Structure formats: structure tokens, C-alpha cells
Amino acid sequence: FFKQKTAYEIYQCDWSSDVCSSDLALSAQPSASRQLEREGERLALWLESARLQARVQNRPVLVRMTPRGAEIWGLSAPGEARPALSWLYPDTQAQNTDITLLLGPEPILPAQALGLGSRLQADAQVWVGTTGVGPWQVRR
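Reading the sequence shown from the start, the letters are residues 83 to 222 in this note's numbering.
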């Protein structure tokens, strides 16, 4: 028969694997292409979340790109800090920081896209965009 583990034994096991996997992650830096994919996936989820908030609150919401990430305009009250997304990797950059994305409150948005690039590898890039009907997605 199988011996059942206690909650403490399971916790200890999970903690050990977390420590070991985090040690491995520190030793192998992801490539510039993989970094951009992660940033793009994160940005797409963040934009989709802000789009949902715009619909729920029935407010026009804009996203403006910055050198360090993006800021949301329209969700916070006057005087409050604007929600922001900072890049995970310092070499990530929006290919156009002059762009403003519209996230709602309308259910159908204009088609929009934004390119992300890397200062480390000039040919590495991903696009984050929406057709206006579907969700924000990453395209390589």
C-alpha cells in the first residue's frame, strides 16, 4: 500500500523543488527572443485585464507606452497613481513609445498592434495586438 504524506512533507517537498528550480533559472539567462515572448505575453494579459476593467466601469481607458513599460489612463481617480506595467527585462523596449492604445469601454475596439524589441538583439521582436473583436495576443 502507498504511504500517504503529511501536509508538512508535501510542503517541504514543494519548497525543495522551488529552491532547486529557482537556482537553475538564475544560472541560465533566457535568450533575447524568449525574453520578448515573456514580455509580450505579460503585456497581452495586462491589456486584456485593463480592457475588462474599462467595460465593467464603463470608462474610456487609454494605455500609453513608456521607455520602462506602460501606463493606464482612465481607471484611477484623480490624484491616485496610474496603474503601470514595468518590463521584466531592462533591455525590452516598445518600438514606438508615441503610441496610445484604446481599451474601451466599447466591446469592439479598433484593430491595434504594438511591437516590442530588444536592445541586445536588433532582429528579435514580437507584436502584441488585437483585431478589435478578439483578445490581445502575441505574434512572433
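We treat Cβ as the ideally placed atom computed from N, Cα and C, and that holds for glycine.
From a predicted model like this one, the values you see are computed outputs, not experimental measurements.
Separation of the CB atoms of residue 170 and residue 130 is rounded to 18 Å, and the pair is thereby denied contact status at 8 Å. Residue 215: not part of any beta strand (DSSP E); DSSP gives it neither H nor E. With a cut-off of 8 Å on Cβ pairs, the region 147 to 165 is not in contact with the region 209 to 221, counting fewer than three such pairs.
Per DSSP, residue 113 lies in no beta strand (DSSP E) segment and is marked neither H nor E. Here DSSP, grouped into helix, strand and coil, assigns residue 200 to strand.
Rounded to the nearest whole angstrom, the CA to CA distance from residue 206 to residue 123 is 15 Å. Its Cα nearest to that of residue 198, the residue 116 stands out among 134, 191, 116.
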